[in-house]
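Chains as they are written, first to last, in my numbering: chain A, 1 to 346; chain B, 347 to 692. Every residue gets a Cβ at the ideal spot worked out from N, C-alpha and C, and that includes glycine. From a predicted model like this one, the values you see are computed outputs, not experimental measurements.
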DNA sequence: TGTTTTTAGGTAAACGTTTGCTTAATGTAG
DNA sequence: CTACATTAAGCAAACGTTTACCTAAAAACA
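Shown next, in the form of structure tokens:
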């Protein structure tokens with residue numbers, strides 16, 4: 001009932017008063033600056049005063065004076081994407097050691113919302129950005145880049161520009177290797193469940209698939225590319241139904257694990273035998289793949305390595321060690337499993 | 347090569363200069379304050395100047411003046427916990443509509459780290475906190491609470507105090523109902539895979555299990571409670587091995603889905619038939635449960651409702667509509683599945 | 001002893017906002 | 001024509017830091 005009125009925060013001024021000195025001295029002590037001679041006595045008396053009063057430094061005041069806020073924004077389009085989460089975990093671990101907090105924000109894969117999130121973070125003078133951008137990432141990060149605020153883009157590039165760091169998995173290699181594996185097992189009619197998104201480097205997944213087919217002496221057939229504009233399990237399910245209706249198709253390769261989610265659920269409900277009736281493989285390795293009875297063939301994306309590299313790049317920029325921009329690719333890992341039928345035996 | 351020097355941010359002063367007015371006027375215009383008469387002409391000329399210069403208001407400066415930062419911190423001990431994520435999503439959606447960003451931080455379920463995260467967020471003058479605390483949550487949030495900063499604790503209580511809002515799922519009910527269901531199916535020797543954590547309300551899971559047994563006319567047997575201090579799949583696996591070694595046990599109830607993760611993997615590797623050899627059920631409903639071939643019996647936690655309620659409480663406090671504190675529980679949802687053998691037939 | 005150097009710490013001006021207090025020009029009523 | 005609202009905008013003091021610039025002892029040097 002009793003309305004406790006907001007206890008005022010203790011400031012450097014209060015500390016100075018109690019330690020019987022000036023705010024300048026307090027500031028120097030608390031930052032243990034070496035630009036200033038401080039007697040041991042003064043030092044302890046300030047430190048004591050600060051402790052006794054429960055002093056908490058205001059980052060926003062010191063940020064205003066030009067100091068860093070100690071915050072890195074991590075913008076992800078999908079919060080529950082295990083691959084993106086792994087990237088995040090790795091960066092966070094490194095950032096923490098350096099005394100930064102990571103503030104994670106959801107962009108919902110919506111360019112308009114992404115813009116407002118970036119605007120808000122920018123108003124907060126966040127020190128740096130790690131971003132998995134939408135296809136409008138370039139314009140949405142324009143302010144940041146022209147103002148020299150470090151931006152590292154992971155897994156998805158910023159279209160048409162180069163004044164930023166980019167570090168991603170090898171999307172081409174991922175589909176190439178899995179497709180080549182399928183071809184090696186004698187599959188000739190391989191469907192690709194494909195998110196037809198405006199994100200440029202995702203098109204490399206299609207290219208990898210195509211190249212592997214052609215290198216394997218097969219003709220690329222557009223009819224086998226099952227496109228969807230929406231990255232949802234429901235679409236994965238729809239595509240799978242379509243694939244099953246063509247009995248010449250012996251394998252389906254889900255180029256997004258979210259599509260596989262719906263697809264595999266559909267296969268189970270329809271009591272379709274994997275891999276007897278159809279072989280299945282997936283790009284990505286969410287928990288359910290690892291938990292599944294069927295050991296699904298899949299391509300693991302190098303989340304930890306990407307995170308590691310992204311963190312390095314961010315801190316190079318923050319610590320002004322380098323001003324060069326890099327664009328790097330890291331290979332994926334093929335896991336064969338037992339969801340692919342070997343059509344070459346007998 | 348050319349080192350672009352950090353473009354200075356445009357300030358209200360620059361805008362004032364260009365619009366040929368004072369900073370006060372600019373501030374009033376940009377906040378479209380009603381405490382001030384502004385000619386339409388002045389208004390448009392200020393707005394134009396701001397647009398042309400690409401002005402971005404500094405939240406940290408206005409925060410310093412006592413305005414809100416527009417940021418709510420969401421502290422979670424486990425980033426990849428789908429239940430916590432669902433709570434987060436719901437709160438975020440509501441917060442966004444009100445113009446707040448949610449800044450998510452990982453506490454890693456480590457009280458020491460939790461403390462530093464809270465300290466850092468506090469330095470940033472974040473407006474409010476939604477927290478899934480560690481068992482040291484009470485002391486770690488002490489500063490926030492004594493300073494009247496809104497704190498809503500979700501799913502786990504702050505021990506020993508009441509000056510905060512608490513909203514959680516019904517842990518007692520969750521285990522009670524599932525256990526009662528097992529008892530109803532004729533199971534008498536039911537193992538409980540149990541995270542023996544210092545978090546007080548998790549003990550209600552044990553209590554619910556016990557009560558259901560006793561209400562079903564069974565004796566509670568401490569030997570059937572398989573405790574672990576670590577919440578890891580590996581421990582779930584170990585427990586499961588132990589459970590299998592006692593052939594009198596007909597069912598295992600994983601009171602944490604993380605334990606089930608290891609346990610079910612172990613059962614699969616050991617080719618144990620579910621539910622023929624052993625019945626299995628789980629508290630929680632991660633994606634892999636929904637993706638599984640076996641339709642596991644599980645108890646769904648009401649993430650969306652909890653998030654909804656938590657958001658309401660936070661905004662009540664932020665908008666100073668209420669100063670009362672509440673502690674509420676929301677029921678879970680039983681899903682029966684087909685992983686429990688009916689021992690009552692024949 | 002007088003001069004320079006070192007040591008110690010205070011003053012005050014920023015940083016970019018918000019807002020109370022002014023002033024000054026109109027408009028309006030008596 | 002005076003008096004008083006009303007309308008319109010500028011001035012300057014905060015908010016809590018950081019830091020350049022002082023001042024004044026004490027120590028070192030000549």
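Interface flag, residue i vs chain B, CB-CB below 8 Å
i                      : result
residue 257 of chain A : no
residue 26 of chain A  : no
residue 56 of chain A  : yes
residue 69 of chain A  : yes
residue 63 of chain A  : yes
residue 265 of chain A : yes
residue 42 of chain A  : no
residue 279 of chain A : no
residue 301 of chain A : no
residue 123 of chain A : yes
residue 340 of chain A : no
residue 5 of chain A   : At residue 5 of chain A the pLDDT is 48, less than 50, meaning the model places this residue with poor confidence; the figure from the coordinates comes in the next sentence. Chain B, which has a Cβ nearer than 8 Å to the Cβ of residue 5 of chain A, makes this yes.
residue 117 of chain A : yes
residue 85 of chain A  : yes
Per DSSP, the bridge partner or partners of residue i
i                      : result
residue 129 of chain A : A/73, A/151
residue 335 of chain A : A/298
residue 592 of chain B : Its beta-bridge partners do not exist; DSSP assigns none.
residue 676 of chain B : B/515
residue 279 of chain A : A/251
residue 537 of chain B : B/598
residue 390 of chain A : Absent from the structure is residue 390 of chain A, since the part of chain A shown begins at 1 and ends at 346.
Residue range of the unbroken beta strand (DSSP E) whose run includes residue i
i                      : result
residue 616 of chain B : Counting along the chain, residue 616 of chain B falls outside any beta strand (DSSP E), and DSSP gives it neither H nor E.
residue 106 of chain A : 101-106
Cβ of residue i within 8 Å of any chain A Cβ
i                      : result
residue 493 of chain B : yes
residue 355 of chain B : yes
residue 369 of chain B : no
residue 618 of chain B : no
residue 452 of chain B : yes
residue 489 of chain B : yes
residue 589 of chain B : no
residue 466 of chain B : yes
Beta-carbon contacts of residue i that lie in its chain and below 6 Å, excluding the five residues immediately before and after
i                      : result
residue 653 of chain B : 433, 436, 437
residue 378 of chain B : none
residue 349 of chain B : In this predicted model, residue 349 of chain B has a pLDDT of only 35, less than 50, meaning its place in the structure is not dependable enough to derive any value.
Own chain residues within Cβ distance below 7 Å of residue i, not counting five before or after
i                      : result
residue 673 of chain B : 512
residue 23 of chain A  : 12, 13, 16
residue 546 of chain B : 503, 505
residue 412 of chain B : none
residue 566 of chain B : 556, 559, 560
residue 344 of chain A : 185, 186
Sequence-distant residues of the same chain with beta carbon closer than 8 Å to residue i, five excluded per side
i                      : result
residue 473 of chain B : 414, 415, 416, 417, 418, 446, 495, 496, 664
residue 577 of chain B : 455, 541, 543, 602, 604, 605
residue 508 of chain B : 671, 673
residue 400 of chain B : 356
residue 570 of chain B : 535, 536, 537, 538, 595
Residue range of the alpha helix (DSSP H) that includes residue i
i                      : result
residue 82 of chain A  : 82-97
residue 144 of chain A : 142-146
residue 315 of chain A : 303-318
residue 375 of chain B : 369-376
residue 686 of chain B : Here residue 686 of chain B belongs to no alpha helix (DSSP H), and DSSP marks it neither H nor E.
residue 60 of chain A  : 59-64
residue 204 of chain A : 203-215
residue 387 of chain B : 386-399
residue 122 of chain A : 111-123
residue 17 of chain A  : 12-19
residue 289 of chain A : 287-291
Original post:
So, do the region 156-175 of chain A and the region 195-210 of chain A have three or more beta carbon pairs nearer to each other than 8 Å?
Top reply: Yes: the two stretches touch, three or more of their Cβ pairs being nearer than 8 Å.
Original post:
Below 8 Å, can you find three or more Cβ-Cβ pairs linking the region 524-544 of chain B to the region 616-636 of chain B?
Top reply: yes
**OP:** Report yes or no: do the region 285-294 of chain A and the region 606-619 of chain B share at least 3 C-beta pairs separated by less than 8 Å?
**Re:** yes
Original post:
How do the region 590-602 of chain B and the region 387-394 of chain B stand: do at least 3 beta-carbon pairs fall below 8 Å, yes or no?
Top reply: no
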